[in-house]
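**Student:**
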Ligand SMILES: C[S@@+](CC[C@H](N)C(=O)[O-])C[C@H]1O[C@@H](n2cnc3c(N)ncnc32)[C@H](O)[C@@H]1O
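In this note's numbering, the protein residues as written are 468 to 659.
#1: Consult DSSP for residue 640 and reduce its assignment to one of helix, strand or coil.
#2: Taking only three categories from DSSP, how would you classify residue 624?
#3: Hey, is residue 505's beta-carbon within less than 8 Å of any beta-carbon in chain B?
#4: So residue 580 and residue 643 are supposed to be a Cβ contact under 8 Å. How far apart are they, rounded?
#5: Please state the DSSP three-state secondary structure of residue 617.
#6: If residue 512 sits next to residue 473, beta carbons under 8 Å apart, how far is it from one beta carbon to the other, in whole angstroms?
#7: What did DSSP end up calling residue 564 once you bin it into helix, strand or coil?
#8: Check whether the Cβ atoms of residue 555 and residue 524 lie closer than 8 Å to each other.
#9: Quick one: does the C-beta of residue 532 sit closer than 7 Å to a heavy atom of ligand 2?
#10: Over what stretch of residues does the alpha helix (DSSP H) that includes residue 600 continue unbroken?
#11: For residue 493, which residues in the same chain have their Cβ closer than 6 Å to its Cβ, ignoring the five residues on either side in sequence?
#12: Quick one: what does DSSP say residue 559 is sitting in, helix, strand or coil?
#13: Would you kindly work out how many angstroms separate the C-alpha atoms of residue 635 and residue 480, rounded to a whole number?
#14: From residue 617 to residue 645, what does the alpha carbon distance come to, in whole angstroms?
#15: Counting only the same chain and skipping the five closest in sequence on each side, list residues whose C-beta sits under 8 Å from that of residue 471.
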């Protein structure tokens, strides 16, 4: 799988409003996000999903946005200020193999992993770190671009998620990506 980082110039393209024609963030996020939730946007880039997430969690909610590239996060912050949701968004510069989310253990209601896992050097450890942040009834939306991630690589990612304690509960059909909703055993009622 490719671990090459998405360049910043692609970050600008990913934040383009034209992308909504294929991947409408509000429609994609609607089944998962409610007011006052704490959401995690991992590999947030310039905030194509983070800003609709912040709108959906409302003034009582919080969105923590992680990225390994500072320029992506600065672009996100600028867009958040323009959209009037900056006070609900926290950006965090992380390391590829250290997300720095220990303070969020058990607090996250929804995590978005959109087009990021194939860039992580150790997908299983990456997914396990995210799993540790989840509140027992939380859900994760995992999506990987079809153009970068083959069917076999997608299966390997789902296997890594399973070993990290996240099992797929459904496979939503979203434009241009392979997608799965992941849940913890507690949510799926599989824990004793
Ligand atoms: C292809 S972009 C997707 C951005 C965004 N999720 C979207 O769909 O618009 C991947 C982003 O993940 C970030 N990234 C790559 N590896 C990462 C890691 N290990 N931890 C956090 N972010 C990472 C990159 O810097 C880039 O901004």
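We put the CB at the ideal spot given by N, CA and C, even for glycine. Since the model is a prediction, treat every value here as computed from it, not as a measurement.
**Tutor:** In short, the structure shows the following:
#1: Taking the first residue of the chain shown as 1, we reach residue 640 at position 173. Residue 640: coil per DSSP, three-state reduction.
#2: Taking the chain shown and counting its residues from 1, one reaches residue 624 at position 157. In the three-state reduction of the DSSP assignment, residue 624 falls in the helix class.
#3: Looking at the structure shown, chain B is missing, and only one protein chain is on hand.
#4: Here residue 580 is taken as the residue at index 113 of the chain shown, counted from 1. Here residue 643 is taken as the residue at index 176 of the chain shown, counted from 1. Between residue 643 and residue 580 the Cβ distance is about 16 Å, and since that is not below 8 Å, they are no contact.
#5: The residue you call residue 617 lines up with position 150 of the chain shown. Assigned with DSSP and collapsed to three states, residue 617 falls in coil, not helix or strand.
#6: For the purposes of this step, residue 512 is taken as the residue at position 45 of the chain shown. For the purposes of this step, residue 473 is taken as the residue at position 6 of the chain shown. The pair is a contact, with the Cβ atoms about 7 Å apart (cut-off 8 Å).
#7: Taking the chain shown and counting its residues from 1, one reaches residue 564 at position 97. Three-state DSSP puts residue 564 in coil, outside helix and strand.
#8: The count along the chain shown starts at 1 and reaches residue 555 at position 88. The count along the chain shown starts at 1 and reaches residue 524 at position 57. It is a contact, given that the beta carbons lie within the stated cut-off.
#9: Among the ligands in the structure shown, ligand 2 does not appear; only ligand 1 can be found there.
#10: In the chain shown, the residue the question calls residue 600 occupies position 133. From DSSP, the alpha helix (DSSP H) with residue 600 extends over 590-600.
#11: Against the chain shown, residue 493 aligns to sequence position 26. The beta carbon of residue 493 sits closer than 6 Å to those of 519, all from its chain and outside the five residues before and after it, given in chain order.
#12: In the chain shown, counting from the first residue as 1, residue 559 sits at position 92. The answer is strand: DSSP assigns residue 559 an E or B state.
#13: Along the chain shown, one-based indexing puts residue 635 at 168. Along the chain shown, one-based indexing puts residue 480 at 13. In this structure, the straight-line span from the alpha carbon of residue 635 to that of residue 480 is close to 30 Å.
#14: Taking the first residue of the chain shown as 1, we reach residue 617 at position 150. Taking the first residue of the chain shown as 1, we reach residue 645 at position 178. Taking the CA atoms as reference points, residue 617 sits about 9 Å from residue 645.
#15: Sequence index remark: in the chain shown, residue 471 carries index 4 (1-based). Within the same chain, Cβ atoms closer than 8 Å to the Cβ of residue 471 are found at 586, the five residues on either side in sequence being excluded.
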